[in-house]
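Written below as structure tokens is the structure these notes are about.
2 protein chains.
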Amino acid sequence: MEQRTYNQYCATARTLDLVGERWTLLLIRELLTGPKRFGDLQASLRGLGTGLLAARLKHLEREGLAHKITLPPPARTPAYALTEAGEELGPPILELARWGLKWAMGERRETETFHPGWAVLGLRACFDDAAAAGLRAVYEFRIDDEVFHARIDDGTIEALHGPAQHPDATITISQEAFLRLTGQGLTLTEAIETGAASTSGDSEALHRLKGLFRLPPSHPRKADRPAS
Amino acid sequence: MEQRTYNQYCATARTLDLVGERWTLLLIRELLTGPKRFGDLQASLRGLGTGLLAARLKHLEREGLAHKITLPPPARTPAYALTEAGEELGPPILELARWGLKWAMGERRETETFHPGWAVLGLRACFDDAAAAGLRAVYEFRIDDEVFHARIDDGTIEALHGPAQHPDATITISQEAFLRLTGQGLTLTEAIETGAASTSGDSEALHRLKGLFRLPPSHPRKADRPAS
DNA sequence: CGGCATCCATTTTGATACTG
DNA sequence: CAGTATCAAAATGGATGCCG
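Protein chains in written order, with numbering that gives the first Met the number 0: chain A, 0 to 227; chain B, 0 to 227.
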């Protein structure tokens, strides 16, 4: 069963041969915030059946982009994690996300699903290295029933699923409000003032947090605007 | 005919809804080096039939990523060009190309096609902004029967199909050798020494040219290496 | 040449039922 | 849960044929 290829000696085409099939980049997006189990992956990717998910995971394993692991005790359950090559698809994916933030976001549609992890990735996409120069802090985000943490270290950011070991500050916020932080121009300050978010921990770290992310100016395409 | 969507309120997914279908990103890659005619696009994309090409182009038009233009006299023939939104897919595509250069290139396979324009994009992917600080120069590349030009201006690069207006220097090189400049670690100096390339024009500009591009260290995935 | 329409063989996908 | 097996629906590719 030969797999389909563009048959082009071109770096972009070769990359798309590996990760350009439907669902593949979104699967990697899920794994960018940390290892995930089969069931969690499927729950995040509505419309992707178990058969195709299994096939995609097998493909990623075969190509050395992900591997199957066993979660540490007491879980001991199987999960999937990215390899180094897989992790390095982060920059291209974030670049696609930046484009989307600028040209394709707008309002959430009725039929669209949403998971806090996506907005966490949105934070990474909006992260302003320059503004984080000299800062070293760990933040924990509690969004409805999911927990993430972001480790900022002098211009770099790492954002993963799960609690932080020693957070400098903790932000508790509703999923609803959190998606507006990246999707629309809502600021953390405003979210706190309206009671949608609450914070605790080092107030200096919290103050710095507010300036770390810069949304690209949203610029809907002609096709997105309602016909006149 | 409802178009398929991931139905996720996520910048990456929204982007892939627009450009994630088969051929679409490669089509945009072709247009990144300048407007192209229907026939030229099809010639570059072996395996893409006229029907699907027409459908993809229509989709890009509808979504405001490309538009149909009429080439200036004396050509007067129709062609397709990117809109601003389409142009801005350059960074994500170059990021995918950088990943591919590092993790997926290796030797050219027998069945793979190749076009100089792809390697020109490879140059953009390898461009080192810092090394180009303070440089302002226009280079013309003549690769077999195709001509490109690159305009460098203080850390920025623009690489387009077609001759330059007032090139500071001209590089004539075989397609064969040119693809090794980005695909393998061949340096321009070596290419000249072996007679695969010749240059003319401002020698200072030519000297600066040699330091402008940095290949990522090639790092084949486990799956790429032959089984032991 | 540019571009759409049609027909058809193959793949890919989506959805669901089923097994350890 | 994790993952296979199965089947129907959709997307692709390739070959033409047509029309300005």
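The beta-carbon is built from N, C-alpha and C at its ideal position, and this holds for glycine as well.
- Collapsing the DSSP output to three states places A:Thr186 in coil.
- Excluding five sequence positions before and after B:Arg75, the CB atoms of its chain that fall closer than 7 Å to its own CB belong to Thr69, given in chain order.
- Interface criterion met: the Cβ of A:Leu25 is under 8 Å from a Cβ in chain B.
- Annotation: the stretch 65-153 of chain B contains the following complete segments of the beta strand (DSSP E) (minimum length 3 residues), in chain order: 65-69, 77-81, 135-142 and 145-152.
- Annotation for B:Gly194: no residue places its beta carbon closer than 6 Å to its own, counting only its chain and skipping 5 residues before and after.
- By the C-beta criterion, the stretch 3-11 of chain B is judged to be in contact with the stretch 85-103 of chain A, since at least 3 inter-stretch pairs fall below 8 Å.
- For the stretch 50-75 of chain A, the set of positions with a beta-carbon nearer than 8 Å to some beta-carbon of chain B reads Arg61, Glu62, Gly63 and Leu64 in chain order.
- At a C-beta separation below 7 Å, A:Gly99 has these neighbours in chain B: Ala10, Thr11, Arg13 and Thr14.
- Under the DSSP assignment, A:Ser197 falls in the beta strand (DSSP E) whose first and last residues are Ala196 to Gly200.
- In this structure, A:Arg107 sits away from A:Ala158, with a CB-CB distance that is not shorter than 8 Å.
- Counting along the chain, the unbroken beta strand (DSSP E) around B:Glu157 starts and ends at Thr155 to His160.
- With its beta carbon less than 8 Å from one in chain B, A:Glu87 belongs to the interface.
- Think of a sphere of 8 Å around the beta carbon of A:Tyr79: no beta carbon from chain B falls inside it, the nearest being about 16 Å out.
- As DSSP reads the structure, B:Ala168 sits in a beta bridge with B:Tyr138 and B:Gly200.
- For B:Arg55, the enclosing alpha helix (DSSP H) has its first and last residue at Thr49 to Arg61.
- At a cut-off of 8 Å between C-beta atoms, A:Glu29 does not count as an interface residue with respect to chain B.
- DSSP, read as helix, strand or coil, puts A:Gln174 in helix.
- Comparing alpha-carbon positions, the option among B:Arg150, B:Ile191 and B:Lys101 lying closest to B:Pro162 turns out to be B:Arg150.
- Taking a Cβ-Cβ threshold of 9 Å, the residues of chain A close to B:Thr110 are Thr4 and Asn6, in chain order.
- Here DSSP, grouped into helix, strand and coil, assigns A:Gln7 to strand.
- When C-beta atoms of the stretch 21-33 of chain A are compared with those of the stretch 77-96 of chain A, three or more pairs fall below 8 Å, so the two segments count as touching.
- Between B:Gly33 and chain A, the shortest Cβ-Cβ separation is not below 8 Å.
- When the alpha-carbon of A:Leu44 is set against those of A:Lys209, A:Met104, A:Gly116 and A:Glu145, the nearest one is in A:Gly116.
- Under the criterion of beta carbons closer than 8 Å, B:Gly200 and B:Ala168 qualify as touching, at roughly 3 Å.
- Around the C-beta of B:Glu62, 16 or more other C-beta atoms lie within 10 Å, and the residue is accordingly described as buried.
- By the Cβ-count criterion, A:Glu83 is exposed, with fewer than 16 other Cβ atoms from all chains shown falling within 10 Å of its own Cβ.
- For A:Gln41, the enclosing alpha helix (DSSP H) stretches over residues Phe37 to Ser43.
- Residues of chain B whose Cβ lies closer than 9 Å to the Cβ of A:Pro216 do not exist, since the nearest Cβ in that chain is about 12 Å away.
- Between the alpha carbons of A:Gly46 and A:Phe113 lies a distance of about 14 Å.
- Cβ-Cβ separation between A:Met104 and A:Ser173: approximately 19 Å, too far for a contact (criterion under 8 Å).
- Pairing B:Leu100 with A:Lys35, the inter-Cα distance amounts to about 28 Å.
- For B:Leu211 against B:Ala80, the beta-carbon gap comes to about 27 Å, at or over 8 Å, which does not count as contact.
- Straight-line measurement puts the Cα of A:Ile92 at about 10 Å from the Cα of A:Leu120.
- Proximity of B:Glu94 to chain A, defined by a Cβ-Cβ separation below 8 Å, is satisfied.
- The residue among B:Glu139, B:Gln164 and B:Phe126 with its C-alpha nearest the C-alpha of B:Asp153 is B:Phe126.
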